[in-house]
Amino acid sequence: MWNVIGHEWAVRLLSASLADGRLSHAYLFTGPPGVGKTTLALNFAQAIVCEGNPPPCQQCAPCRQVARLTHPDVRLVEADGATFKINQVRELEREAALAPHSARHRVYILAETERMSREAANALLKTLEEPPEPVVLILLASDAALLPPTIVSRCQGLDLRPVPLRELARALVEREGAEPAQAELLARVSGGRPGWAITALRDPAVMEARGRHLDDLQRLLASDLVERWEWAAGAPTDRRALRELLDTWVAWWRDVLLIAAGQGDKIANLDRREALEAVAAWCPAVAARAFLTQALRTVQGLAQNVNARLALEVLTMDMPTAPEIVRIHGG
Ligand SMILES: [Zn+2]
């Protein structure tokens, strides 16, 4: 009874290692945000401490405690502020040395380990080199390349890829009660990331924000430089919000290129088809591709702490300008 959308191979592998008594001391689940790393890790933790059969039964007291994050032997550790700090790893080390409360193992899920400070990573490496016997560590990260190779090599790695869109859309209808059309749009916009799609289904603010980002983009296409810079001056500077904005823009420009290449059935932003087709008909593919590259570079730059406002000014400057004859519709 794994409550996971997609990733069947990972579920099979983890179930088998548990059934055969071949648990590793450390796992590393990698994949983009919202793809299902935390969900898979929590289900695995349930399977480890479950008292039912087959595990995880989702019914027994330990399974329910894990789901509520109240099981005394299962901890989800998240970065304290912007980074994972050495104190958090030290506390984990101290606790991990103690015998489990009620289960046979202690399970630690460490979210976003790519945000670990160098000191914290060194401390964690020591724990990985000599793990206390009954401890299972599950490290989560968007990309193994962002972690020290010494840590990666000591973990069993499972790389989670986006879930096939049809499978995700079906799960959104069957498990989450979404309308079919809504499920189709959310699956595509999420790029196959169930966590993102479910959050967007439950919280209308997510799709509202996306709508605003796309309205801004479509308006800016028909705006002059002064208007674009005015917009950049008022744009969010919070990095997470900015990342969402740029990811939304990147997906939209990818759709323009898909339509230009005759692959319009594959676009993500189904509800913007009219505007996308208008832009694809007018904007040369080479200009769309150049802007897409620039947007991806901006995403990279923001990860490396470049000035957010300046980066947006440069990016909007490079945006193609729609001739007046093109009418770009909102959503
Ligand atoms: Zn159970």
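For the sequence shown, the positions run 26 to 356 when our numbering is used. Every residue gets a Cβ at the ideal spot worked out from N, C-alpha and C, and that includes glycine.
Have a look at Glu139 and Ile163 and give me their C-alpha separation to the nearest angstrom.
13 Å
What distance in whole Å lies between the Cβ atoms of Val281 and Cys308, which are believed to be in contact at a cut-off of 8 Å?
7 Å
Looking at Val91 and Leu123, is the spacing between their C-beta atoms short of 8 Å?
no
Classify Asn332: buried if its beta carbon has 16 or more other beta carbons within 10 angstroms, exposed otherwise.
exposed
Given this structure, state the Cα-to-Cα distance separating Val29 from Ala136, to the nearest angstrom.
17 Å
Inter-stretch contact at 8 Å, needing at least 3 Cβ pairs: the region 56-75 / the region 144-163
yes
Helix, strand or coil: which one does DSSP assign to Gln181?
strand
Cα-Cα separation, Leu185 to Ala169
11 Å
Less than 6 Å between C-beta atoms, sequence neighbours within five positions excluded: which residues of the same chain meet that for Arg100?
Tyr133
Any residue whose CB is nearer than 7 Å to a heavy atom belonging to ligand 1, listed in chain order
Gln71, Cys75, Glu76, Gly77, Pro80, Pro81, Cys82, Gln83, Gln84, Cys85, Pro87 and Cys88
Would you mind listing the alpha helix (DSSP H) stretches within the region 292-324 that are 4+ residues and don't spill past its ends, in chain order?
298-307
What are the boundary residues of the beta strand (DSSP E) that includes Ile30?
Looking at the DSSP string, Ile30 is not in any beta strand (DSSP E), and its letter there is neither H nor E.
When the Cα atoms are used, what is the spatial distance from Val74 to Ala194?
31 Å
Output the distance between the C-alpha atoms of Asp290 and Ala70, rounded to the nearest integer angstrom.
39 Å
Starting from the C-beta of Phe109, find all residues in its chain whose C-beta is less than 6 Å away, skip the five residues before and the five after it, and write them out in chain order.
Arg140, Met141 and Ala145
Name, in chain order, the residues that DSSP records as bridge partners for Phe109.
Met141
Going by C-alpha to C-alpha distance, which of Pro348, His126, Ala336 and Arg264 sits closest to Arg322?
Ala336
Looking only at C-alpha atoms, which of Asp272, Val60, Gln329 and Gln243 sits nearest to Val188?
Val60
Whole-angstrom distance between Arg227 and Ala258, CA atom to CA atom:
31 Å
How do the region 230-242 and the region 259-273 stand: do at least 3 beta-carbon pairs fall below 8 Å, yes or no?
yes
Beta-carbon proximity list for Trp216, same chain, < 6 Å, skipping 5 on both sides
Residue identity differs from the one stated: residue 216 is Gly in this sequence, not Trp. Around Gly216: Pro187.
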